[in-house]
Structures are given as structure tokens and as C-alpha cells.
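K.L.:
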Amino acid sequence: MVDLSRPSGPRIIAVANQKGGVGKTTTAINLAAGLAEAGCRVLVVDLDPQGNASTGLGVEDRDWTTYDLLLDDAPLEAVIQETEIDGLLVIPATVDLSSADIELISNEKRSYLLHDALRQTPIDKFNLDFVLIDCPPSLNLLTVNAMVAAHSVLVPLQSEFFALEGLSQLMLTIREVRQTANPELRIEGIVLTMYDNRNNLSRQVEKDARDNLGEMVFKTKIPRNVRVSEAPSFALPVLQYDSGSLGAMAYRHLAREIIQKNKNVAA
10 MVDLSRPSGP
20 RIIAVANQKG
30 GVGKTTTAIN
40 LAAGLAEAGC
50 RVLVVDLDPQ
60 GNASTGLGVE
70 DRDWTTYDLL
80 LDDAPLEAVI
90 QETEIDGLLV
100 IPATVDLSSA
110 DIELISNEKR
120 SYLLHDALRQ
130 TPIDKFNLDF
140 VLIDCPPSLN
150 LLTVNAMVAA
160 HSVLVPLQSE
170 FFALEGLSQL
180 MLTIREVRQT
190 ANPELRIEGI
200 VLTMYDNRNN
210 LSRQVEKDAR
220 DNLGEMVFKT
230 KIPRNVRVSE
240 APSFALPVLQ
250 YDSGSLGAMA
260 YRHLAREIIQ
270 KNKNVAA
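The letter at position 198 of the sequence shown is residue 207 when you use the numbering used here, and the numbering goes up by one with no holes.
1. With the cut-off set at 9 angstroms, would you say I142 and V54 are in Cβ contact?
2. Roughly how many angstroms separate the alpha carbons of A109 and L80, rounded to a whole number?
3. Among all the DSSP beta bridges, which residues are the ones paired with E91?
4. Look at the alpha carbon of K134 and the alpha carbon of E46, and state the distance between them as a whole number of angstroms.
5. From A218, V51, N116, T103, pick the residue whose C-alpha is nearest to that of T92; which is it?
6. Starting from F277, follow its DSSP beta bridges and name the residues at the other end.
7. Below 8 angstroms on the Cβ atoms is my contact criterion, and I expect K230 with A259 to pass it. Report the Cβ-Cβ distance as a whole number of Å.
8. Could you tell me the boundaries of the alpha helix (DSSP H) in which L80 lies?
9. Using a Cβ-Cβ cut-off of 6 angstroms (strictly less than) and excluding sequence neighbours within five positions of S168, which residues of its own chain qualify?
10. So what does DSSP say about L194, is it helix, strand or coil?
11. Less than 9 angstroms separating the beta-carbons of V162 and I111?
12. So what's R207 in DSSP terms, helix, strand or just coil?
13. Going by Cα to Cα distance, which pick from L137, D220, A102, L173 is closest to P58?
14. Could you pull the start and end residues of the beta strand (DSSP E) that L54 belongs to?
15. Would you kindly work out how many angstroms separate the C-alpha atoms of I22 and V99, rounded to a whole number?
16. Closer than 8 angstroms is the cut-off here; do at least three beta carbon pairs connect the region 174–192 with the region 59–73?
17. With C-beta atoms as the reference, is L56 less than 9 angstroms away from C144?
18. Per the DSSP calculation, S161 is bridged to which residue(s)?
Next comes the structure, spelled out in C-alpha cells:
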């Protein structure tokens with residue numbers, strides 16, 4: 010287990026962007042695999058009703074899911090399951106979660122359910138370093154739950170036109186959560202995804218992002234890589250599907266950046 014000097018529990022990171030198709034789930038599962046490969050113990054919480062993170066990690070048993078954790082008070086021991094990857098665990102999701110927004114409205118603690126669930130005492134026995142929450146592609150109650158539960162938000166940013174404009178609403182939501190429910194919430198960083206170095210537009214998006222957001226943008230860029238796209242159909246992260254591919258190497262670098270950043274934060 011990597012020593013992050015965090016006796017209070019694992020670092021909880023919400024992977025969020027209200028736009029679909031930006032590489033959010035791909036980043037969640039491959040970053041998790043990269044962290045596990047580096048010696049961390051990682052839990053992926055699939056909070057997207059599409060359940061793509063669960064599929065991408067090869068989860069077949071979905072008798073117990075994030076729906077049960079949030080809405081039926083299921084214990085962590087029941088919903089957390091091992092994956093084929095050493096050190097990588099998952100709480101899967103199914104389409105049942107799509108009704109959660111409506112069911113949560115009448116609950117007084119509707120924004121705090123995931124926060125409370127991930128702080129159950131039994132979580133200590135899993136010896137986790139990181140929890141990555143794969144959020145749905147919308148700014149709904151599930152995403153708010155993730156941000157209230159998290160220490161920070163990791164934002165995948167697609168290297169395409171209008172990419173930065175889509176960040177404004179997400180940043181507003183983060184600010185509102187800070188003001189109302191989680192004053193310690195911060196931006197873990199912005200990671201550029203689907204990057205093509207041969208493409209002028211990708212380079213311009215990177216320049217704009219670094220000019221406007223500075224050190225919030227990770228050095229690592231995730232390339233547009235066919236192996237990354239193929240891996241989910243084999244129910245594997247790209248690090249297991251093709252360990253030597255450009256996509257796998259990029260996610261390893263991102264994992265190292267995040268480990269180093271959190272060591273610095275803990276210092």
C-alpha cells in the first residue's frame with residue numbers, strides 16, 4: 010500500500026464532467042488500474058446508471074450495487090467486490106440507479122448519502138488509498154452526492170472545440186457544493202483526453218486550458234488511441250488489455266502525477 014500519510018482514510022476523488030463522451034468513465038477505470046499497478050488499493054464507485062465502469066472492469070455480479078448502498082442502506086461489505094486486478098475493488102451500478110434522483114428528492118439527507126456510506130467504519134478493513142467515483146454525465150443529485158462525499162474533483166476535458174466553455178457550469182456546481190455542503194472540496198485537476206498531437210485544434214485547446222487554468226491542468230495528456238477504445242469490449246482497462254500502448258502509458262503517468270500531488274497535499 011502506498012503511504013499517503015492519510016490516517017483519516019482514503020483520498021476520495023469524483024471524476025466528473027456533465028458532458029458525455031469526454032472520456033470520463035475511461036479515465037476512472039484506467040486511472041484506477043494505474044493506481045493499483047503502482048501499489049495503491051483503489052475502490053471504483055460506479056455512480057452512473059449506464060454502469061459502464063462496472064462493465065469495463067469485468068463485473069458480472071450486480072446483485073448488490075450503488076443503488077442498494079444509497080437507497081437501501083446496504084452495508085459496504087455487501088456491495089464492495091474484488092476485480093480481477095490486484096488491489097482494485099468496485100461497487101457496481103445498474104440501470105436501477107436511473108430512478109435515484111426522483112427517489113432521493115424526499116430524503117432530508119439526499120445530498121449526504123454517499124458521504125455517509127463511504128465513511129462507515131467497515132471501510133477501514135479494505136485499507137484503501139483512493140476511492141474514485143465515476144459520476145453520471147449530468148449535474149444531478151447523484152453528481153452532487155459524489156461532490157459532497159469527495160475531497161476533490163477530477164475533470165476530464167476533451168481536446169475539442171468549445172471544451173472550455175462546458176466547464177463553467179461544472180465549476181459553478183463545485184462552488185455551490187463548497188458553499189453549502191463541503192467547504193473542503195477542491196479541484197484535483199483537469200486532464201486533457203482524446204488528445205491528438207498532429208491536430209492543431211488539440212494543441213490550441215491545450216494552450217487555452219493551460220493559459221486559463223494554469224497548474225490545474227495535468228502535465229499528462231491522454232491520447233486518442235485505438236487500444237483505449239477497444240479495451241472496454243474485452244471488459245479490461247487498457248493497462249491490462251495492451252500494457253505497452255500509448256494509452257496505457259499515459260494513464261500510468263497520470264496515476265503517478267496524482268500520487269505525487271496527494272503526497273504533497275498530505276505533507
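The beta-carbon is built from N, C-alpha and C at its ideal position, and this holds for glycine as well. Quantities reported herein were computed from a predicted structural model and do not represent experimental measurements.
P.N.:
Checking against the coordinates, here is how it stands:
1. On the sequence shown, residue 142 is found 133 positions in, with the first residue counted as 1. On the sequence shown, residue 54 is found 45 positions in, with the first residue counted as 1. Yes, the pair counts as a contact, with Cβ atoms nearer than the cut-off.
2. By 1-based counting over the sequence shown, the position of residue 109 is 100. By 1-based counting over the sequence shown, the position of residue 80 is 71. Taking the straight line from one Cα to the other gives about 8 angstroms.
3. Position 82 of the sequence shown, counted from the first residue, corresponds to residue 91. Partner(s): L98.
4. Start at 1 with the first residue of the sequence shown, and residue 134 comes out as number 125. Start at 1 with the first residue of the sequence shown, and residue 46 comes out as number 37. Using only the alpha carbons, I get a separation of about 20 angstroms.
5. If you number the sequence shown from 1, residue 92 lands on position 83. If we check each option's Cα against that of T92, V51 comes out closest.
6. No information on residue 277 is available, as it lies outside the stretch 10 to 276 that the chain covers here.
7. The count along the sequence shown starts at 1 and reaches residue 230 at position 221. The count along the sequence shown starts at 1 and reaches residue 259 at position 250. That belief holds up - the Cβ atoms of K230 and A259 are roughly 7 angstroms apart, short of 8 angstroms.
8. Taking the first residue of the sequence shown as position 1, residue 80 is located at position 71. 75–80 is the extent of the alpha helix (DSSP H) around L80.
9. Here residue 168 is taken as the residue at index 159 of the sequence shown, counted from 1. Result list for S168: L201, M203, Y204, S211, V214, in chain order.
10. As a first step, residue 194 is located in the sequence shown; it is residue number 185 there, counting from the start. DSSP places L194 in coil when its eight states are reduced to three.
11. The residue labelled residue 162 in the question sits at position 153 within the sequence shown. The residue labelled residue 111 in the question sits at position 102 within the sequence shown. Not in contact: V162 and I111 (Cβ atoms no closer than 9 angstroms).
12. The residue given as residue 207 occupies position 198 in the sequence shown. R207: coil per DSSP, three-state reduction.
13. Locating residue 58 in the sequence shown gives position 49, counting from the first residue. The candidate whose alpha carbon is nearest that of P58 is A102.
14. Numbered from 1 along the sequence shown, position 45 holds the residue referred to as residue 54. Residue identity differs from the one stated: residue 54 is Val in this sequence, not Leu. Start and end: 51–55.
15. Start at 1 with the first residue of the sequence shown, and residue 22 comes out as number 13. Start at 1 with the first residue of the sequence shown, and residue 99 comes out as number 90. Distance between the alpha carbons of I22 and V99 is about 14 angstroms.
16. no
17. Within the sequence shown, the letter at position 47 stands for residue 56. Within the sequence shown, the letter at position 135 stands for residue 144. Cβ atoms of L56 and C144: closer than 9 angstroms.
18. For this step, residue 161 is matched to residue 152 along the sequence shown. Answer by DSSP bridge pairing, in chain order: I22, R195.
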